[in-house]
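Protein chains: 2
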Amino acid sequence: MQEFIALANSMADIAGEIIKKYYRKPFNIDKKEDNSPVTVADLEVEQALREFLAKHRPDDGIYGEEYNPIPSKSGLTWVIDPIDGTKSFMIGRPTFGTLIALCDGDTPKLGILDQPILKERWLGIDGLPTTMNGKSVQTRKCDSIDKACIGATTPMMFDKLSEYDRAYEIFECGTSNMVWGGDCYMYGLIASGFMDVAFEQNLSPYDFAALVPIITGAGGHISDWRGDPLTLKSAGKVLALGDPNLWSEISYMILKSPY
Amino acid sequence: MQEFIALANSMADIAGEIIKKYYRKPFNIDKKEDNSPVTVADLEVEQALREFLAKHRPDDGIYGEEYNPIPSKSGLTWVIDPIDGTKSFMIGRPTFGTLIALCDGDTPKLGILDQPILKERWLGIDGLPTTMNGKSVQTRKCDSIDKACIGATTPMMFDKLSEYDRAYEIFECGTSNMVWGGDCYMYGLIASGFMDVAFEQNLSPYDFAALVPIITGAGGHISDWRGDPLTLKSAGKVLALGDPNLWSEISYMILKSPY
Chain A
1 MQEFIALANS MADIAGEIIK KYYRKPFNID KKEDNSPVTV ADLEVEQALR
51 EFLAKHRPDD GIYGEEYNPI PSKSGLTWVI DPIDGTKSFM IGRPTFGTLI
101 ALCDGDTPKL GILDQPILKE RWLGIDGLPT TMNGKSVQTR KCDSIDKACI
151 GATTPMMFDK LSEYDRAYEI FECGTSNMVW GGDCYMYGLI ASGFMDVAFE
201 QNLSPYDFAA LVPIITGAGG HISDWRGDPL TLKSAGKVLA LGDPNLWSEI
251 SYMILKSPY
Chain B
1 MQEFIALANS MADIAGEIIK KYYRKPFNID KKEDNSPVTV ADLEVEQALR
51 EFLAKHRPDD GIYGEEYNPI PSKSGLTWVI DPIDGTKSFM IGRPTFGTLI
101 ALCDGDTPKL GILDQPILKE RWLGIDGLPT TMNGKSVQTR KCDSIDKACI
151 GATTPMMFDK LSEYDRAYEI FECGTSNMVW GGDCYMYGLI ASGFMDVAFE
201 QNLSPYDFAA LVPIITGAGG HISDWRGDPL TLKSAGKVLA LGDPNLWSEI
251 SYMILKSPY
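Residue numbers (our numbering), protein chains in the order written: chain A, 1 to 259; chain B, 1 to 259.
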């Protein structure tokens, strides 16, 4: 695992250098097929990381946000979101991050969340304590959802207003402490014990794979909305809890209106 | 005005020192009458700034978020939000800020937005160019709303889902570039030319008074939704545009469904 940690750290370093070059500078923005924005920085980071992997781990698969997947020959796959939170990056707000995961088959075993402007890097490894900048971090206790700090990136991830309406029920519990505009950064904040719940949907594996070992290794719970483990095959409904004991309360709320 | 700038800078310094003491540490959180959270840091900052003003400007009025207003004898009033974005502060996300405005009568003449963790301070003075950390900043051009980066703090500020539904129409134009979780910080980002539009409601004068000279002095437009200037008597519907030329397009969208 030491080799993989070193490789993942190098990849995060490479990504950070490119991102800092573009941050708060004018740059080109294109629209993807789903109308979401992509910047030259997203593309350049993913390209650089693919070149790095082609050199160091040519038999591993690559599943990234911006280019076609490369199937794995080794059984291992690197899952990359060059800039999670592209919109925050575009407006010069340092809550975006680079997400790098290493999966064995479909299961995330290592994850990095790197925020290069604030110089904060969370590292999660299956079975080991999560670290932020090398120091162990832990989620915090939260004995009731109505005391929780809950976050999501955007109400627009809940497909229709009716979906939002339903999600709203959960948000409303903690509504006075509900924080929007989360991006991946809020999962780092959960791992570090500063917030309690992330409740999101329409995420892709490159949005959540790295977060699995980070949240788990910090003592939290991360799963889909049914409580099943997140893998590369998951549908993109993500629930992260700093205190795993919140599960019974929140799962009741989710399951009483089936999806 | 030099005296007032020096006083406002000192106040922002005092606020920042207190905030840094509590940031990402465990602290007490209470609920206000409107169920919104207030921390010991909000209270301590406002108290310290009131003591500072009692000493240096005893005849000026004070209108702050956390304590009762003090009427002005001099005609001048200091408008203070000790921590705008308390929820972001609570989760350890550095997008909150201290807002300090000086109003002549009801009209904001000087404004500071200070982010003490990122060490970024915007200063706006009626009739002068806005600065960030002492350097002039300017809003950017944006020739169409569908190219705009639009922000708001939370969908929950739009009273009911029906209100959100209507606001959604505006957000949808820039939906692929819509950013949530703005707090006051996004107005700084507009002043610095990194984003284009803020569209919010249910704000209080201490949430927007400081932003008026900051946005205006950077070349932008800030008003209520009708286009009227923001004063201490405004109802709290706030529109900020980096490029004032966006006004005709966005005002058409706002006004076609009267409020």
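Here a beta-carbon is modelled for each residue, glycine too, at the ideal position from N, C-alpha and C.
These numbers come from a predicted model, not from an experiment.
One or two residues paired with residue i in a DSSP bridge
i       : result
R121(B) : D114(B)
S136(B) : T131(B)
I80(A)  : G64(A) and I100(A)
A152(B) : W180(B)
T86(B)  : Beta-bridge pairing links T86(B) to no other residue.
A238(B) : In the sequence as presented, Ala is not what sits at residue 238(B); that position holds Val. Partner(s): E200(B).
D30(B)  : V38(B)
P281(A) : The requested residue 281(A) does not occur in the structure, where chain A is confined to residues 1 to 259.
I18(A)  : Per DSSP, none; premise fails for I18(A).
I70(B)  : I62(B)
Residue j beta carbon less than 8 angstroms from that of residue i
i       : j       : result
C184(B) : D84(B)  : yes
M132(B) : S176(B) : no
W122(A) : G220(A) : no
G111(A) : A152(A) : no
Y67(B)  : Y206(B) : no
I197(A) : A167(A) : Residue identity check: residue 197(A) is Val in the sequence provided, not Ile. Not closer than 8 angstroms, so no.
M209(A) : C103(A) : It should be pointed out that residue 209(A) corresponds to Ala in this sequence rather than to Met. Yes, Cβ-Cβ distance for A209(A) and C103(A) is below 8 angstroms.
W78(B)  : L113(B) : no
I250(A) : I145(A) : yes
T154(B) : M157(A) : no
G127(B) : G105(B) : no
Beta-carbon separation (whole angstroms), residue i vs residue j, contact threshold 8 angstroms
i       : j       : result
P82(A)  : V45(A)  : 4 angstroms
F263(B) : I190(B) : As displayed, chain B neither begins before 1 nor continues past 259, which places residue 263(B) out of reach and without an answer.
A48(B)  : I18(B)  : 6 angstroms
G217(B) : I125(B) : 6 angstroms
P108(A) : P213(A) : 6 angstroms
D224(A) : L211(A) : Incorrect: roughly 12 angstroms between the Cβ atoms, too far for contact.
F194(B) : R140(A) : Wrong, their Cβ atoms sit about 33 angstroms apart, outside the cutoff.
Y22(A)  : V40(A)  : 7 angstroms
Proximal chain D residues relative to residue i, where beta-carbon distance stays under 9 angstroms
i       : result
S223(B) : No chain D is present in this structure, whose protein chains are A and B.
Check whether the stretch 87-99 of chain B and the stretch 238-254 of chain B are in contact - that is, three or more C-beta pairs closer than 8 angstroms. The stretch 87-99 of chain B makes no contact with the stretch 238-254 of chain B; the number of CB pairs closer than 8 angstroms stays below 3.
Within the chosen definition, does the stretch 190-202 of chain B reach the stretch 94-103 of chain A through at least 3 CB pairs nearer than 8 angstroms? At 8 angstroms Cβ cutoff, the stretches do not touch.
Can you check the stretch 169-236 of chain B for any alpha helix (DSSP H) of at least 4 residues that lies completely inside it and give the ranges in chain order? Correct list: 185-191, 205-208 and 211-217.
Could you tell me whether the stretch 231-238 of chain A touches the stretch 4-24 of chain B, where touching means 3 or more Cβ pairs closer than 8 angstroms? By the criterion of at least three beta-carbon pairs nearer than 8 angstroms, the stretch 231-238 of chain A is not in contact with the stretch 4-24 of chain B.
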